Amino acid sequence: MALWLWCLLFILESLYCWWIIGYGGAKWVEGWKSFFLIEWFALDWNAEQIRLYVLIIWAFSVLWFIVGVIKPEFRLI
């Protein structure tokens, strides 16, 4: 995968995570929408649980992004 595409995908994911964590997205996603926007197991989670989950996933995504920038062969979808 090209570096520009790798960066673009990371930026899009970061914007989504930023919205969920800091701008009320978790409250909006609560309930049946979390099934589609988070995962099936988040169906009965409250906003704080969704925010924590997204924060943890985002932290791992940052690490994976850095690895992908350094080692291009790890840029897999």
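Here my numbering is used: the first residue of the sequence shown is 992, the next is one more, and so on.
We put the CB at the ideal spot given by N, CA and C, even for glycine.
All figures in this text were calculated on a predicted structure; none of them were measured in a lab.
Where the alpha helix (DSSP H) through residue i begins and ends
i: I1029; result: No alpha helix (DSSP H) contains I1029, which DSSP labels as neither H nor E.
Short Cβ contact (8 Å threshold) for residue i with residue j
i: I1041; j: I1061; result: no
i: A1038; j: K1024; result: no
i: C1008; j: V1045; result: yes
i: F1065; j: F1001; result: no
Neighbourhood of residue i by C-beta distance below 8 Å, restricted to the same chain and skipping five residues each side
i: I1028; result: Inspection of the sequence shows that residue 1028 is occupied by Leu rather than by Ile. Hits under 8 Å: V1020.
i: F1026; result: A1033 and L1034
Helix, strand or coil at residue i according to DSSP, with G and I counted as helix
i: A1050; result: helix
i: W1023; result: coil
i: A993; result: coil
Cut-off 6 Å between Cβ atoms - residues of its own chain near residue i, not counting five sequence neighbours on either side
i: L999; result: none
Cβ neighbours of residue i in the same chain (closer than 7 Å, five flanking residues each side left out)
i: E1004; result: S1052
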